[in-house]
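Undergrad: First the structure, then my questions, so here it is.
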Amino acid sequence: MRKNIFCVMNLVHLIKSAIQQAVFALYQKQLSVDELPINETKPEFTGDYTLVTFGLSKLLQKKPDEIAHELGNYLVANDALFTEMEVIKGFLNLSIKDSFLLEFLATHFQQSNYGNSELGDKKIMVEYSSPNTNKPLHFGHLRNIFLGHAVSAILKNVGHEVIKVNLINDRGIHICKSMIAWQLFANKQTPTDAHVKGDHFVGDYYVKFNDEYKSQMATLMAEGMPEDEAAKKAPIMLAAQDMLRQWEAGDADTLALWKTMNDWVYAGFEVSYQKLGITFDRYYYESNTYLSGKSIVEKALKNNLLFQKEDHSVWIDLSDAGLDQKLLLRGDGTSVYMTQDIGTAILKYLDYHMDQSVYVIGDEQNYHMQVLKLILQKMQEPCADGIQHLSYGMVELPSGKMKSREGTVVDADDMVDEMIAIAKKNTEDLGKVDGFTSEELQQLYQTLGLGALKFYLLRVDPKKKMIFNPEESIDFHGFTGPFVQYSHARICSILRKASIESLPAELSLSDITLSSIEKNLLKLLAQYPTTIYQAAKEMNPSIVCNVVYQVAKEFNGFLVDHSVLKASDESVKNMRLQLCLLSKQVIAHGLNLLGIAAPERM
RNA sequence: GGUCCCGUAGUUCAAUGGAUAGAACGAAAGUUUCCUAAACUUUAGAUACAAGUUCGAUUCUUGUCGGGACUACCA
């Protein structure tokens, strides 16, 4: 009977409902489970879970101590879940029966989808990566990409339908800058001629543009022109702006060059995405969506939701929401960033009618996203309420922000290659290359290097900005991806040595006593699906990093004090093998959600 | 100026209002005839400051100090 309940409920929930029933039986009060604070018992006390009774004191008109004693005695006497209790001040420490945890283990150790749930029922779009097409991906983009990919996997895992979207910002002044510089300096060279990856090739011309722009400004300023005027009148800038106008006018040559250079970039991005193991279900291109935003704004203007100034520019007044006025169309009728985003949001909704639309975008755009949602709400667009900004903090260097102008930007491709090289070096230094073919080794280095990188970027709460410390990120010890991967490989090694085909699922429950470390590991594993559900609710992959690390750490500790294959008797050995199997399943499952592979050997 | 976010060991990160604030790296010292030592064990080390709310505050409120983001007819 417990077994069935366990499939749909978790351990803490079971404890809460047991307490709920006990409260009703003793005091005839119906409490909601949210009114029952359950914590894990601190290691220095005996017990597994603790009920804090101070809050109940008022509700039940009794002293915390009395409540704790009465509830504890009742639970131990009447509920099969508990074996003993202890009261210290107002804290009721409850111990869970070993047989309960053993039964849980026997039920789930072979479940290959353990960790999945079906609680989610929404259709959710997740937009991430969303690069500009004028330069290659840098380290900051990696946080975005890994976050989006992991959040998508986590949401899907708890039962939501997920659509992964990449919105390519393929038009605008930025790409025109690269195009102008290419026309001026490239001598018609292509990435193939130059043996350079397409996105880097185009990015190099973006840099060339800025160099030339700076030197032209310097020339103008030397002739006595003020800086702001020089910034506007530098010939190469005027040329880029002219090219943007040509593009919007549909000039055939401009469009052809634009398409060619974007294709170079896409080919480069594709290589990077593939290496990173990142995929999308759907690509949107701003060149296709920016015009629809304009017509939507014009329609809203007719409906008097917006107003126009004397120069014909179109604005929305958000002062009733505590914000100011926001421009939606320039005086000359062209779109701004916000206009495009309005169009894209509506188009996406027409395509998918999703319940929720998650934007993985840095926190410097908090205001922008707030305004976008507000505008769409004012326009009463059905997509508006589902818009959710998954805001993440910037990645900074120990020396401060990455600045492209100062050349402190860490390139994504370089970073990946470096991590893989370090994985290779570490493996070779440890002499762990025997028994692998050279292809397998290449695969392993990639698995470990990417594992380290992804884990490093995902282990911090997305909301918080994080410091990228090059020396620390390449560490393969401690709270890192390779540590977790190593634990997985060790488990696999044990399982290879045991012939596990004939592992009996049924145990004679009565004659096994769990050690405290076995019990801790089991509690962690039992809570795992709930932990994942929490990660989904908060869209926070760092929770997954933490739990797989805890399982790995706990497992390593277990392994030091307990022999699996040489256990004292057969039933203990079987139980420990089950523990190995479930731990392996949870580690691999969690890593998979993070986009990290779990190697069988390393 | 206005709006918002953030201040936790030397460093990077944890902690639904709960017990003596957890890890990791770094530092110091140990563990290998035994399932992978990329492991494990031990030691030292922190809530910016000041009030308030209450049985109880890293968490909530206010103020001070310090850091950051946004506040473009850029994207």
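Count along the first sequence from 1, add 329, and you get the number used in my numbering. We put the CB at the ideal spot given by N, CA and C, even for glycine. All values reported here derive from a predicted model rather than from experimental measurement.
For the region 373-454, list the beta strand (DSSP E) runs that are entirely contained and at least 3 residues long, ordered along the chain.
TA: Within the region 373-454, the complete beta strand (DSSP E) runs of at least 3 residues are 378-381, 411-417, 420-425.
Undergrad: Give the straight-line distance between the Cα atoms of Ile872 and Asn591, rounded to the nearest whole angstrom.
TA: Counting from one through the first sequence, the residue named residue 872 turns up at place 543. Counting from one through the first sequence, the residue named residue 591 turns up at place 262. Their backbone Cα atoms lie some 37 Å apart in a straight line.
Undergrad: Going by the beta-carbon positions, is the gap between Val689 and Gly477 smaller than 9 Å?
TA: On the first sequence, residue 689 is found 360 positions in, with the first residue counted as 1. On the first sequence, residue 477 is found 148 positions in, with the first residue counted as 1. Yes, they are a contact pair.
Undergrad: Looking at the secondary structure, which residues open and close the alpha helix (DSSP H) in which Phe706 lies?
TA: To locate residue 706, count along the first sequence from 1; it is residue 377. Here residue 706 is Gln; the residue named in the question, Phe, does not match the sequence. Looking at the DSSP string, the run of the alpha helix (DSSP H) that includes Gln706 is 695-707.
Undergrad: Please check the pair Ser664 and Gly622, which I expect to be a contact at CB under 8 Å, by giving their CB distance rounded to whole angstroms.
TA: In the first sequence, the residue the question calls residue 664 occupies position 335. In the first sequence, the residue the question calls residue 622 occupies position 293. With a Cβ gap of about 6 Å, Ser664 and Gly622 count as contacting.
Undergrad: Could you tell me the alpha carbon to alpha carbon distance between Asn695 and Met744, rounded to whole angstroms?
TA: By one-based count along the first sequence, residue 695 stands at place 366. By one-based count along the first sequence, residue 744 stands at place 415. One C-alpha to the other measures close to 28 Å.
Undergrad: Ends of the alpha helix (DSSP H) at Glu800?
TA: What you label residue 800 is simply residue 471 of the first sequence in a count that begins at 1. Residues 799-802.
Undergrad: Confirm, please, whether the CB-CB distance from Gln814 to Met931 is below 9 Å.
TA: Numbered from 1 along the first sequence, position 602 holds the residue referred to as residue 931. Numbered from 1 along the first sequence, position 485 holds the residue referred to as residue 814. In this structure, Gln814 lies closer than 9 Å to Met931 by Cβ.
Undergrad: For the candidate residues Glu456, Leu340, Lys345, whose alpha-carbon lies nearest to that of Glu432?
TA: The residue given as residue 432 occupies position 103 in the first sequence. Answer by Cα proximity: Leu340.
Undergrad: From the DSSP output, read off the bridge partner residues of His718.
TA: As a first step, residue 718 is located in the first sequence; it is residue number 389 there, counting from the start. BP columns for His718 point to Tyr688.
Undergrad: Would you give the residue range spanned by the beta strand (DSSP E) that Gln654 belongs to?
TA: Residue 654 sits at position 325 when you count from the first residue of the first sequence. Start and end: 654-658.
Undergrad: Just confirm the distance between the C-beta atoms of His641 and Gly672, as a whole number of angstroms; I'd bet it's less than 8 Å.
TA: Residue 641 sits at position 312 when you count from the first residue of the first sequence. Residue 672 sits at position 343 when you count from the first residue of the first sequence. Wrong, their Cβ atoms sit about 20 Å apart, outside the cutoff.
Undergrad: So what does DSSP say about Tyr815, is it helix, strand or coil?
TA: By one-based count along the first sequence, residue 815 stands at place 486. DSSP places Tyr815 in helix when its eight states are reduced to three.
Undergrad: Helix, strand or coil for Leu911, going by three-state DSSP, please let me know.
TA: For the purposes of this step, residue 911 is identified with residue 582 of the first sequence, where counting begins at 1. Three-state result, Leu911: helix.
Undergrad: Tell me which residues share the same chain as Lys638 and place their Cβ nearer than 7 Å to its Cβ, disregarding the 5 neighbours each side in the sequence.
TA: Stepping through the first sequence from its first residue, residue 638 is reached at position 309. The answer, listed in chain order, is Trp644.
Undergrad: Exposed or buried, Gly807, counting other C-beta atoms within 10 Å across all chains shown (16 or more means buried)?
TA: Numbered from 1 along the first sequence, position 478 holds the residue referred to as residue 807. Gly807 comes out exposed.
Undergrad: Less than 9 Å between the C-beta atoms of Val915 and Val876, yes or no?
TA: Within the first sequence, residue 915 is the residue found at index 586, counting from 1. Within the first sequence, residue 876 is the residue found at index 547, counting from 1. The answer is yes: Cβ separation under 9 Å.
Undergrad: Spatial neighbours of Asn849 within its chain, please: C-beta separation below 8 Å, excluding the five flanking residues on both sides.
TA: Position 520 of the first sequence, counted from the first residue, corresponds to residue 849. So the qualifying residues of the chain are Glu883.
Undergrad: Within 10 angstroms of its Cβ, does Asn333 collect 16 or more other Cβ (buried), or is it exposed?
TA: For this step, residue 333 is matched to residue 4 along the first sequence. Low local confidence applies: a pLDDT of 35 at Asn333 is under 50, so the model's placement there is unreliable, and no value is given.
Undergrad: Report the option in Phe374, Gly384, Leu400 whose CA atom is closest to the CA atom of Ile344.
TA: On the first sequence, position 15 is the one that residue 344 refers to. Ranking Phe374, Gly384, Leu400 by Cα distance to Ile344 puts Leu400 first.
Undergrad: I'd like the span of the alpha helix (DSSP H) that includes Val531, first residue to last.
TA: Working through the first sequence from its first residue, we reach residue 531 at position 202. Unbroken alpha helix (DSSP H) run through Val531: 527-551.
Undergrad: Would the C-beta of Leu679 count as close to the ligand SAH, meaning under 8 Å from any of its heavy atoms?
TA: Ligands in the displayed structure: none, and consequently the ligand SAH is not present.
Undergrad: Straight-line CA distance for Glu769 to Asp742?
TA: Position 440 of the first sequence, counted from the first residue, corresponds to residue 769. Position 413 of the first sequence, counted from the first residue, corresponds to residue 742. One C-alpha to the other measures close to 22 Å.
Undergrad: Enumerate in chain order the residues of its own chain whose CB-to-CB distance from Ala855 is below 6 Å, with the five nearest sequence positions on each side excluded.
TA: Within the first sequence, the letter at position 526 stands for residue 855. Same-chain partners within the cutoff: Leu340, Phe433.
Undergrad: For the putative contact between Lys452 and Glu490, defined by C-beta atoms under 8 Å, what is the C-beta separation to the nearest angstrom?
TA: Taking the first sequence and counting its residues from 1, the one referred to as residue 452 is at position 123. Taking the first sequence and counting its residues from 1, the one referred to as residue 490 is at position 161. So it is a contact: roughly 5 Å between Cβ atoms.
Undergrad: Assess, as a yes-or-no matter, whether the region 482-502 is touched by the region 853-870 under the definition of 3 or more beta carbon pairs within less than 8 Å.
TA: The region 853-870 is in contact with the region 482-502.
Undergrad: Tell me which same chain residues have a C-beta within less than 7 Å of the C-beta of Cys909, skipping the five on either side of it?
TA: Position 580 of the first sequence, counted from the first residue, corresponds to residue 909. Hits under 7 Å: Ile820, Ile823, Leu824, Val893.
Undergrad: Could you give the DSSP three-state label for His478: helix, strand or coil?
TA: Working through the first sequence from its first residue, we reach residue 478 at position 149. Helix at His478.
Undergrad: How many Å lie between Leu705 and Pro811 at the Cα?
TA: Taking the first sequence and counting its residues from 1, the one referred to as residue 705 is at position 376. Taking the first sequence and counting its residues from 1, the one referred to as residue 811 is at position 482. Approximately 44 Å between the Cα atoms of the pair.
Undergrad: Measure the Cβ-Cβ separation of His470 and Ser458 and say whether it is below 9 Å.
TA: In the first sequence, the residue the question calls residue 470 occupies position 141. In the first sequence, the residue the question calls residue 458 occupies position 129. Contact flag set, yes.
Undergrad: So within the region 829-883, which uninterrupted alpha helix (DSSP H) runs reach at least 4 residues, ignoring any that extend past its ends?
TA: Listed in chain order, the complete alpha helix (DSSP H) runs (minimum 4 residues) inside the region 829-883 are 845-867.
Undergrad: Based on DSSP bridge pairs, tell me the residues matched to Leu496.
TA: In the first sequence, residue 496 corresponds to position 167, counting from 1. BP columns for Leu496 point to Tyr613.
Undergrad: Note the first and the last residue of the continuous beta strand (DSSP E) segment covering Asn368.
TA: Counting from 1 along the first sequence, the entry for residue 368 is found at position 39. Unbroken beta strand (DSSP E) run through Asn368: 367-369.
Undergrad: Any chance the region 349-361 sits against the region 378-398, with 3 or more Cβ pairs inside 8 Å?
TA: At 8 Å Cβ cutoff, the stretches touch.
Undergrad: If distances are taken between C-alpha atoms only, which option among Ala409, Ile509, Lys913, Phe765 comes closest to Trp587?
TA: Position 258 of the first sequence holds residue 587. Ranking Ala409, Ile509, Lys913, Phe765 by Cα distance to Trp587 puts Ile509 first.
Undergrad: In angstroms with no decimal places, state the Cα-to-Cα distance between Glu801 and Thr521.
TA: In the first sequence, counting from the first residue as 1, residue 801 sits at position 472. In the first sequence, counting from the first residue as 1, residue 521 sits at position 192. Glu801 and Thr521: Cα-Cα distance of roughly 36 Å.
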